[in-house]
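The sequence shown begins at 1 in full-length UniProt numbering and counts up by one.
Input: a single structure, listed below in structure tokens.
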Amino acid sequence: KISTIPVPDYSSRNPPSPSAAREVGQTLDLNGDIKMDDLTSGSDKEELDDEMREAVEKSARHLYGLIHARFIITSRGLAKMLEKYKKAEFGRCPRVLCHNQPLLPVGLSDQPYTKSVKLYCPRCEDIYNPKSTRHSSIDGAYYGSTFPHMLFQVYPHLLPPKSNERYVPRIFGFKIHDIAKQH
1 KISTIPVPDY SSRNPPSPSA AREVGQTLDL NGDIKMDDLT SGSDKEELDD
51 EMREAVEKSA RHLYGLIHAR FIITSRGLAK MLEKYKKAEF GRCPRVLCHN
101 QPLLPVGLSD QPYTKSVKLY CPRCEDIYNP KSTRHSSIDG AYYGSTFPHM
151 LFQVYPHLLP PKSNERYVPR IFGFKIHDIA KQH
């Protein structure tokens, strides 16, 4: 969960108190793996060992992803994502009857580490797995479940008409009657 972190004003020449620094450090402890005391203890000249550096980088990537989910639903973020949508940078719907409709990324959950990102087609209102393995390894929470729907709330004129076209199975050109499906 993302919580708002009150940022104290340190514009005066007084540096933050040790207790304030500790409080911010505890707030930034994202998943319990890294404590601010671990980062600040010892000499400033000591370098973080590889394991600690890797943990810090992992937590930084996670924090960046959660910030990304919040940013893309702001007016500026929506405008940037709209440009990507218009260029079909997220791909096109694989369903033939959607006529190459551009897709949008969506998370099935807002909780991190539960589901990877999926691609949403606004025409058929279905979701698909990304073709690229690079994209399928991205956490869905980094886009959130709100994004594509918020985009079309802000830009309703871009919402494509729903596809009423359905494939009709036929044998030798004849529709298969419902009674034939029962046998």
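A virtual CB, placed ideally from N, CA and C, is assigned to each residue, including glycine.
Bridge partners - residue i, DSSP secondary structure assignment
i           : result
residue 128 : 119
residue 139 : 116
residue 170 : 175
residue 92  : 102
Residue i, buried or exposed, once every other Cβ within 10 Å from all chains shown has been counted against 16
i           : result
residue 168 : exposed
residue 161 : exposed
residue 170 : exposed
residue 140 : buried
residue 118 : buried
residue 142 : buried
residue 123 : buried
residue 79  : exposed
residue 113 : exposed
residue 72  : buried
residue 69  : buried
residue 153 : exposed
Separation of residue j from residue i, as counted between CA atoms
i           : j           : result
residue 180 : residue 166 : 19 angstroms
residue 63  : residue 98  : 36 angstroms
residue 89  : residue 137 : 17 angstroms
residue 155 : residue 115 : 27 angstroms
residue 125 : residue 91  : 15 angstroms
residue 82  : residue 61  : 24 angstroms
residue 102 : residue 52  : 41 angstroms
residue 131 : residue 104 : 13 angstroms
First and last residue of the uninterrupted alpha helix (DSSP H) at residue i
i           : result
residue 148 : 147-154
residue 62  : 50-71
residue 77  : 75-86
Element boundaries [beta strand (DSSP E), containing residue i]
i           : result
residue 106 : 104-106
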